[in-house]
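J.: The structure is given below, and queries will be raised subsequently.
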Amino acid sequence: MAAEDVPVSNFIREIIDRDLADGKHASIVTRFPPEPNGYLHIGHAKSICLNFGLARDYNGQCNLRFDDTNPSAEDVEYVDSIIEDVRWLGFDWGKNLFFASDYFEQMVAYAEDMIRNGKAYVCTLTPEEFKEYRGVPTRPGLPSPWRDRPVEENLDLFRRMRAGEFADGQYVLRAKIDMASPNLHMRDPAIYRIKHAHHHRTGDRWCIYPMYDFAHGLEDAVEGITHSICTLEFEVHRPLYDWLLDQLDVPCHPQQIEFARLNLTYTVMSKRKLLELVRAGTVSGWDDPRMPTVSGLRRRGYTPASIREFCRRIGVTKTDSLTDIALLEHCIREELNATAPRVMAVLDPVKLVVTNYPEGQVEMLEGVNNPEDPAAGVRQVPFSRELYIERDDFMEEAPNKYFRLKPGQEVRLRYGYLVTCTGCRKDSATGVVTEVYCTYDPATRGGNAPDGRKVKGTIHWVAAAQALDAEVRLFDRLFNVERPDDVPEGGHFTDHLNPDSVKIVRAKLEPSLAQALAGDRFQFERTGYFMADAKDSKPRTPVFNRIVPLRDSWAKS
RNA sequence: UGCCCGAUGGUGUAAUGGUAGCACAACAGACUCUGAAUCUGUUUGUCAUGGUUCGAGUCCAUGUCGGGCAACCA
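Residue numbers for the first sequence follow this note's numbering, beginning at 3 and rising by one.
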C-alpha cells in the first residue's frame, strides 16, 4: 500500500469502528450531498475524500446526491461541473447518483403523514410575522395563531399549496415542535414553502419545495445512509434531524456527525464570495487558476493525487482551524519532484554572449530529464554563441555569497560549459543591462572541468536562435493577507486582493517544449513547476501556467 | 444576556488515565551540475485555577478565549 493510501484515523473512523464492532451496522453507507448552486472548492474536496474514502476503506458505499431542493439558485451547469470534479478527484459512485428532486413525491407523502399525526400545520403568518413570532435566542417564541388548525384543514391547504392555488409566501407548512425551545431550529421550523420557480430537473411540475431540514434527513433515510457527515454549522440542526426521523415511519435513522470545514490561509472559501469574484470579473471564471475551486486547481496544474494527499494530511476534527496553504503547495511539489520532466526556460530573459565561442556554431548537449527518475532518460539541447539567461542571474555588483554571474566569476551553464563573466553592456539612458558577456572554457563541455575545479553556481539558459517564445502566466496568491475574511468595520474582503496575483511574461523556452501538449507538466529548472494550459495551449505554441514556484532559500535571505 | 460546540509548538494533527509524537513552516549545517530535491540537527506546545488519582493533555468543577445558531438558503 502506498503511503498516500494509508488512512489517517480520526474521530469519525472511531465511531464507525465502534458501530461495526457493536453490530449496529454490518457495513456503511455515506454520501456527498452538494447543492448544485456553485462550483466545488477544495473544502468540498475534503468532504469528498472523507465520505468516499470511508466507503472505500470500509468496503461500503458512497452516494453522490444532489441536494436540489431550492430551484432559485441551482442550475445544470453546476450539476455537470460537480460530476466532472468528483470524478476527476478520482472517486466513483457507481450507480449511486441521486437527486433530492427524485424524492419529491415521497417527501410530500411524509409531510402528509406528519399533518395526519398532528405534527405539522399550515401557517398563514407572513414571513415578517413568522420571524416576529419565532423570538430571539434569549427569549422564547410565541405560538402561531394557526398552530392548532384542524388536521383536515391542514391537509386541504397543503394540497392546494401543491396545486398552485396560492402565491409564494402565502402559506408555509411547519413542523409542530416547541416554540419555547432554546434551540431556534426547534421553534416550529418551516418544512415546505411555496415557490413558483422553474426547477432544472423537474421543470414546472412543482410549486412547493421542501426545506433542507425536512428534506435532508429523509434523503439520508431513504438511501439507507448509516453515517450522515456534514460540517459544524449543522450541529444545532441535529436535534431537528433526529426529531423528524423519529416522527416518521422511515427505513432507518442515520447518525449525523459534524466535522470542521476547511479554511486556508490567503483564501476565501464561501461559495458566495467565490461567485462574487466571478461575477465582478476579478477572476476569469470559476476555473481561473487562482481560484480555490477544484476546476481552478485543475486548470492551475494541481493533480488529483496531490489534492487527495493534502486532504489526508489535514485530518478531520471538530476544531475550527486555519490550514497553511504551504501544506497544499508542499503536496504538489512532492509529487511533481518525483514525476515532472525537467526543462530549461528563461522567464525574464537577458542575452548572454559567449565571446570566444565560434559564431554560427550550434552543438547539441545532453540534458537529464529527471534526476529523481533515471527511466525518464535524456534529451538534446542546442548550445550556441548567443544565449538567454535569467536577468536575475547576473549582477554587476553583487554580494559575496552571490553564486551566479558577476564580472570575474565563473559559473556553470547547466549541461553546457563553465563560463567566466567578463562584463555587460547597458542602455546609456536607463542603465538597464542589455547584454552580458562571458568567455567559455572549451575543455568543460557538458559542465565538468578536467582539472576538477568546482564552481559554486549553476544557471539555466536557452540558445537564442533556437528558443521557443511562449506566454507564461506567473500566478501568486489571490489575497495578500492570511485571513481575507477578516475585514474592519465597513471593509470588504476584496480590499485584500493581491494586485499582483498574476503576471504574464514572454519567456524563452528550450525547443523541446514545442512538443508540449495541453496538460503536460514540467519543472522549469530553478524556477518552478508549470503546466501547459488546458484551454489556451496550441500545438507548437504552448501557454504555461505556473503551478507553484520551487522553494527558494536564497530569495528569503 | 439563551443554546450548542471547541481549545496540544508559528500552523495542522496524534497520544483514548502511564515517556507529549508526527507533518508543514522556520532556522542551522552537510551534500549538490537546480541556492531545488535529499540528509542531519535546532527552536517552539497541553488556555487558566481548583479537584479526583500513585499518576491527568486525557476525568470532574469553575472561569477565560474562540466558533456556530435568530432565510419561507443549504
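Where a beta carbon is used, it is the ideal one built from N, C-alpha and C, also for glycine.
Just so you know, these numbers come straight off a predicted model, no measurement behind them.
Mind pulling the alpha helix (DSSP H) runs of 4 or more residues that sit fully within the stretch 241-319?
T.: 273-282, 296-302 and 306-316
J.: What residue range does the alpha helix (DSSP H) around G219 cover?
T.: Y214 to V224
J.: Ignore the nearest five residues each way along the sequence and tell me which others in T71's own chain have a CB closer than 6 Å to its CB.
T.: A102, Y211, P212 and A217
J.: Rounding to the nearest angstrom, what Cα-Cα distance links A342 and T267 in this structure?
T.: 27 Å
J.: Once you ignore the five residues that flank K48 on each side, which residues in its own chain have a CB closer than 6 Å to its CB?
T.: L264 and C313
J.: What alpha helix (DSSP H) runs, 4 residues minimum, are completely inside the stretch 379-446?
T.: none
J.: Please list the terminal residues of the continuous alpha helix (DSSP H) segment that includes C51.
T.: I44 to D59
J.: Can you grab the Cα-Cα spacing for the pair G143 / V285, in whole Å?
T.: Rounded to whole angstroms, G143 to V285 spans 45 Å at the Cα level.
J.: Determine, using beta-carbon pairs with one atom in the stretch 435-442 and one in the stretch 347-365, whether at least three such pairs fall under 8 Å.
T.: yes
J.: Using a threshold of 8 Å, is the CB atom of P147 nearer than that to any non-hydrogen atom of the ligand SAM?
T.: Among the components modelled here there is no ligand, and therefore nothing to report on the ligand SAM.
J.: At which residues does the beta strand (DSSP E) containing M366 begin and terminate?
T.: The continuous beta strand (DSSP E) containing M366 extends over residues E365 to V370.
J.: Helix, strand or coil: how does DSSP classify P551 here?
T.: strand
J.: Count the other CB atoms, across all protein chains shown, that sit within 10 Å of the CB of P501; report buried if there are 16 or more and exposed otherwise.
T.: Counting the other CB atoms within 10 Å of its CB gives P501 a total below 16, which places it among the exposed residues.
J.: In whole angstroms, what is the alpha-carbon distance linking D535 and L66?
T.: 29 Å
J.: So, for R486: in the same chain, excluding its five sequence neighbours on each side, which residues have a beta-carbon less than 6 Å away from its beta-carbon?
T.: In the sequence as displayed, the identity of residue 486 is Pro instead of Arg. Around P486: V270, F495 and H498.
J.: Among D478, R33 and M346, whose alpha-carbon lies nearest the alpha-carbon of R528?
T.: M346
J.: Could you tell me the distance, in whole angstroms, from the CA atom of D206 to the CA atom of D158?
T.: 21 Å
J.: Identify whether W95 lies in helix, strand or coil by the three-state DSSP scheme.
T.: Annotated three-state conformation of W95 is coil, per DSSP.
J.: In the DSSP assignment, find the unbroken alpha helix (DSSP H) run with H198 in it and report its ends.
T.: Unbroken run through H198: none, as it is neither H nor E.
J.: Does the beta-carbon of A509 have 16 or more other beta-carbons within 10 angstroms, so that it is buried, or is it exposed?
T.: A buried status is given to A509, since no fewer than 16 other beta-carbon atoms sit within 10 Å of its beta-carbon.
J.: Helix or strand or just coil, what does DSSP make of K133?
T.: Per DSSP, reduced to three states, the secondary structure at K133 is helical.
J.: Output the boundary residues of the beta strand (DSSP E) element that contains N339.
T.: No beta strand (DSSP E) contains N339, which is instead part of the alpha helix (DSSP H) from I327 to T341.
J.: Across which residues does DSSP place A465 in a beta bridge pair?
T.: L389
J.: Ignoring anything shorter than 3 residues or poking outside the stretch 147-186, list the beta strand (DSSP E) runs there in chain order.
T.: Those beta strand (DSSP E) runs which fall completely within the stretch 147-186 and span 3+ residues are 174-177.
J.: Using a threshold of 9 Å, state whether the C-beta atoms of I259 and H229 are closer than that.
T.: yes
J.: Who does Q63 pair with in a DSSP beta bridge?
T.: V31
J.: Assign T496 to one of three DSSP states: helix, strand, or coil.
T.: helix
J.: Taking the alpha-carbon of L389 as reference, which of R416, A465, A307 and S430 has the nearest alpha-carbon?
T.: Residue nearest to L389 within the set R416, A465, A307 and S430 is A465 (criterion: CA-CA distance).
J.: Below 8 Å, how does it come out for the stretch 89-98 and the stretch 116-129: are there three or more Cβ pairs, yes or no?
T.: Using a C-beta cut-off of 8 Å, the stretch 89-98 makes no contact with the stretch 116-129, since fewer than three inter-stretch Cβ pairs fall below that distance.
J.: To which residues of the same chain is E336 closer than 8 Å at the C-beta, ignoring the five residues directly before and after it?
T.: S308 and E311
J.: Candidates L338, F481, L247 and E392: which alpha carbon is nearest V462's?
T.: As written in the sequence, residue 462 is His, which differs from the Val given in the question. The shortest C-alpha separation from H462 is found at E392.
J.: From this set, D248, E154, S539 and V138, which residue's C-alpha is nearest H187's C-alpha?
T.: V138
J.: Measure the C-alpha to C-alpha separation of N39 and R118 and round it to an integer number of angstroms.
T.: 34 Å
J.: Exposed or buried, F54, counting other C-beta atoms within 10 Å across all chains shown (16 or more means buried)?
T.: buried
J.: Hey, how far is the Cα of A557 from the Cα of R58?
T.: 43 Å
J.: Take H43 and list the residues in its own chain whose beta-carbon comes closer than 7 Å to its own, dropping the five residues that flank it on each side.
T.: M271, L276, P294, T295 and V296
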